[in-house]
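Residues in the sequence shown are numbered consecutively from 762, following this note's numbering.
Ideal Cβ placement from N, Cα and C applies to all residues, glycine included.
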Amino acid sequence: MATTPPPTTALARWFTGGAAPQRRLVVFPHAGAGALSGRVFQAPGTEVLVHRRPGRESRMADPTPVDVRTGVAEALELMLPVLAADELPTTVLGHSFGALLAAEFAAAVDRERPGRLRRVVLSAKSVPPDPDPELRAVLEDDAALAAWLQELGGTPEELLRDPDLRAMVLAPLRADLRASLSHDAAPPRLRTPLLLVCAEQDRTASARSMAGWARSTDAECTTLTVPGGHHGLLEHPELLHRALTQTDGGTR
762 MATTPPPTTA
772 LARWFTGGAA
782 PQRRLVVFPH
792 AGAGALSGRV
802 FQAPGTEVLV
812 HRRPGRESRM
822 ADPTPVDVRT
832 GVAEALELML
842 PVLAADELPT
852 TVLGHSFGAL
862 LAAEFAAAVD
872 RERPGRLRRV
882 VLSAKSVPPD
892 PDPELRAVLE
902 DDAALAAWLQ
912 ELGGTPEELL
922 RDPDLRAMVL
932 APLRADLRAS
942 LSHDAAPPRL
952 RTPLLLVCAE
962 QDRTASARSM
972 AGWARSTDAE
982 CTTLTVPGGH
992 HGLLEHPELL
1002 HRALTQTDGG
1012 TR
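Structural data, given as structure tokens:
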């Protein structure tokens, strides 16, 4: 049965500096987030591509995927033609829930186009399967979920105080978190070097809980520790760019 292709708005792109990009960063944002959250990773010479998942920003009316595989399938449909069109050095980054999508996406690219990716970066996400009983306990209660989100950081308080705005925030968040909790598959096999990003005060994804990701790659795995809590990487994107420059010999 034919399926409807994703809209062009499902792929967001930012590029600053120079006539043409020297490298590409494919970003899968955290639960509930839109593509605009990927703008923090802009850097001179870097093309930033972000998968704008349904149910947010310009795709507010589109139904949110109920599982990780559905979201990955759409991302592949959007981005495989981009990756096939050039040889731009490409890194895939997934932050929090986005790490699940990024890992599955990268594994699929490894199968379709071996050697096409330079590196995979997974940030602030425990290795799956992760039952997370604390999250399950608050998922279906708006007030409890909003309190959980506020404690996690990264969401302006005024969005959670206003009932209408809070509903807009919680709908895609809840859908993504359900997909995360239902994802009981072990990490996919990767052939690409892996960089794990852990924040010093992140109680939801400690370095220990993320360590299992290292067993999913046949290549090297390194770790970057950043200051702050769960969204520490979003507050210090320059540390990621510095680490990528160092690990990739200055060429990225």
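- The residue among R820, P917 and V882 with its C-alpha nearest the C-alpha of P767 is R820.
- DSSP, read as helix, strand or coil, puts E918 in helix.
- Between G973 and V888, the CB-CB gap stays under 8 Å.
- When DSSP reads this structure, V882 sits in a beta bridge with L854 and L956.
- By the Cβ test, the stretch 784-800 is in contact with the stretch 846-858, since at least three Cβ pairs between them sit closer than 8 Å.
- One thing to note: R935 has its Cβ within 8 Å of the Cβ of L900.
- If you check the CB distance, R880 and P954 come in under 8 Å.
- Contact check for S943 against D828 passes: the beta carbons are separated by less than 8 Å.
- DSSP places R820 within a helical segment (H, G or I) once states are collapsed to three.
- Nearest to D891 by alpha-carbon distance, out of E981, S941, E961 and G816, is S941.
- A863 and V833 have their C-alpha atoms some 8 Å from each other.
- Per the C-alpha coordinates, the member of L878, S884, C959 and L913 positioned closest to E895 is L913.
- Ranked by how close their Cα comes to the Cα of D937, the residues L906, E918, P948 and V958 have L906 in first place.
- By the 16-neighbour rule on beta-carbons within 10 angstroms, A904 is exposed.
- The count of Cβ pairs closer than 8 Å, one atom from the stretch 916-924 and one from the stretch 994-1009, stays below three, leaving the stretches out of contact.
- If you ignore the 5 residues before and after A1004, its C-beta comes within less than 6 Å of the C-beta of L985, all in its own chain and listed in chain order.
- At the C-beta level, H991 and A968 stay beyond 8 Å of one another.
- Shown here, E865 sits in a helix according to DSSP, grouped into three states.
- Excluding five sequence positions before and after R785, the CB atoms of its chain that fall closer than 6 Å to its own CB belong to E808, L849 and T851, given in chain order.
- Between the C-alpha atoms of R877 and R952 there is a straight-line separation of about 10 Å.
- In the DSSP assignment, V833 falls within the alpha helix (DSSP H) that extends over V829 to A846.
- Between the beta-carbon of E818 and that of A836 there is about 16 Å, and that puts the pair past the 8 Å contact cut.
- Listed in chain order, the non-local C-beta contacts of Q783 below 6 Å within the same chain comprise G806, local neighbours out to five positions each way being set aside.
- Under the three-state reduction of DSSP, A773 is assigned to strand.
- No Cβ-Cβ contact shorter than 8 Å links P949 with E838.
- Within the stretch 898-949, the alpha helix (DSSP H) runs of at least 4 residues that lie entirely inside it are, in chain order, 903-913, 918-922 and 924-943.
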